[in-house]
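Using numbering that gives the first Met the number 0, read the sequence shown as starting at 0 and increasing by one per residue.
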Amino acid sequence: MSGKDNKYELEVKISGKLDESLKTAVRDAEKDINKLERKMEVSVKKAEESVGEKREKAIKSLVQASDKFFGTIAKGGALAAEKTTEFLKDSITAGMGFESQMSSFQAVTKSSSSEMERLYSLARKMGETTGFSAEEAGQELERMAMA
Numbered sequence: 000m001s002g003k004d005n006k007y008e009l010e011v012k013i014s015g016k017l018d019e020s021l022k023t024a025v026r027d028a029e030k031d032i033n034k035l036e037r038k039m040e041v042s043v044k045k046a047e048e049s050v051g052e053k054r055e056k057a058i059k060s061l062v063q064a065s066d067k068f069f070g071t072i073a074k075g076g077a078l079a080a081e082k083t084t085e086f087l088k089d090s091i092t093a094g095m096g097f098e099s100q101m102s103s104f105q106a107v108t109k110s111s112s113s114e115m116e117r118l119y120s121l122a123r124k125m126g127e128t129t130g131f132s133a134e135e136a137g138q139e140l141e142r143m144a145m146a
């Protein structure tokens, strides 16, 4: 290359345009990038809002289901406690009635402690194997003894 000025031109194709000026091409590219960024920000915001709404609905459904589930458990627990209390009360009442009846029987018959052990056992067995309670069996034993 001799002393002549050689000019080189650079053509840049950006966004489908052929531009002779690199500065203009870069500026146009930056504008296009900024537009894309804004569109992307809007899309991301819409996606986040949609996910947020779905998350809120899912949480609300989960809370409702857990309230129903734990409410049912609480009702079941309360019912079980009530039935257990009734059972214990009935058991204690029956036991006290049986003990009272057997004490009355012993007073009437003047039975010894070894005789009473056998009669306790007999009355319990009758209560288990017949349609009568152990207390009712003790009452019948007392009636027979008085006869």
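Ideal Cβ positions, reconstructed from N, Cα and C, are used throughout, including at glycine.
For residue i, which three-state DSSP category applies?
i: T129; result: coil
i: S111; result: coil
i: A205; result: Limits of the chain in this structure are 0 at one end and 146 at the other, which puts residue 205 out of reach.
i: A146; result: coil
Determine the burial state of residue i: buried for a count of at least 16 other Cβ atoms within 10 Å of its Cβ, exposed for fewer.
i: E29; result: exposed
i: L61; result: exposed
i: G137; result: buried
i: E40; result: exposed
i: G86; result: It is worth fixing the name first, because residue 86 is Phe in this sequence and not Gly. Exposed, since its Cβ has fewer than 16 Cβ neighbours within 10 Å.
i: L35; result: exposed
i: F97; result: buried
i: F104; result: buried
i: M0; result: Note on M0: pLDDT 45, under 50, position unreliable in the model; the coordinate value appears next. With fewer than 16 Cβ atoms within 10 Å of its Cβ, M0 is classed as exposed.
i: E141; result: buried
Using beta-carbon positions only, say whether residue i and residue j come within less than 8 Å of one another.
i: V108; j: A133; result: As written in the sequence, residue 108 is Thr, which differs from the Val given in the question. Not a contact, by the Cβ cut-off of 8 Å.
i: A77; j: M101; result: no
i: S111; j: L118; result: no
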